[in-house]
Amino acid sequence: MHILDIVENSIRAHAKKIEIKIIEEKKKDLLTIEIIDDGKGMDKKTLKNVLDPFFTTKNTRKVGLGLSLLAQSAEESGGSIEIESKPGQETKVKATFGYSHIDRKPLGDIYESLKVLIIANPDINFIYKYQKDNANYHLDTKEIKK
């Protein structure tokens, strides 16, 4: 659900390209999830407050839990979160988790999540990269649409 929530942020930021990377490194005991978009980006004030659950840029509610819950999940498993963004430039959200940590949340059904995102947002180019040890998988909806 964290992935869907962060990607929804990218969609609201008018991204036309969203990259989702999942890297499982059992030897390093790390799981990394990275979401990169080409949306409108965030200014310094927004970037500074983005992990505060009582901060949101939405007008429909007074809380913004997506990034703060992702950060909490990462930290509970011994990981961390990094967010890079500038107005008019890409936004990059990178969360690392302790792979074998008992408090690490399961990835869930990535196939169904991607399917919903792709079908519901045909004008967005989704790039999905999955790496587990030495195996790699790559999906680019731009290639599929050709």
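Numbering (the working numbering), first residue to last: -8 to 137.
For each residue, glycine too, the CB sits at the ideal point set by N, CA and C.
The structure displayed is predicted, hence computed values, not measured ones.
Problem set entry | Residues that T132 bridges to, as DSSP identifies them | Partner(s): none; T132 has no beta bridge.
Exercise. Leaving out the 5 sequence neighbours to the left and right, which residues in its chain are closer than 6 Å to I13 when beta-carbon positions are compared?
Worked result: The beta carbon of I13 sits closer than 6 Å to the beta carbons of I24 and Y121 from its chain, once the five residues preceding and following it are set aside; these are given in chain order.
Problem set entry | Beta-bridge pairing of K85 - partner residues as DSSP gives them | Answer is E25 and E73, bridged to K85.
Problem set entry | Exposure of M(-8), with buried meaning 16 or more beta-carbon neighbours within 10 Å | With fewer than 16 other Cβ atoms from the protein chains shown falling within 10 Å of its own Cβ, M(-8) counts as exposed.
For this session: Please list, in chain order, all residues of the same chain as S68 whose beta carbon is under 6 Å from its beta carbon, the five residues on each side excluded.
Result: Within the same chain, S68 has close Cβ partners F88, G89, H92, D94 and R95.
Problem set entry | DSSP-derived helix/strand/coil call for K140 | A question about residue 140 goes unanswered here, because the residues of the chain that appear run from -8 up to 137.
Exercise. Taking the alpha carbon of A126 as the point to measure from, which residue in E16, L105 and I2 has its own alpha carbon closest?
Worked result: Per the Cα distances, E16.
Problem set entry | Inter-stretch contact at 8 Å, needing at least 3 Cβ pairs: the segment 20 to 34 / the segment -1 to 6 | The segment 20 to 34 vs the segment -1 to 6: in contact.
Problem set entry | Cβ-based neighbour list, E73, same chain, cut-off 6 Å, excluding 5 preceding and 5 following | In chain order, K85 place their CB closer than 6 Å to the CB of E73, counting only its own chain and leaving out the 5 sequence neighbours on each side.
Exercise. Quick one, are the C-beta atoms of I(-6) and F117 less than 8 Å apart?
Worked result: If you check the CB distance, I(-6) and F117 do not come in under 8 Å.
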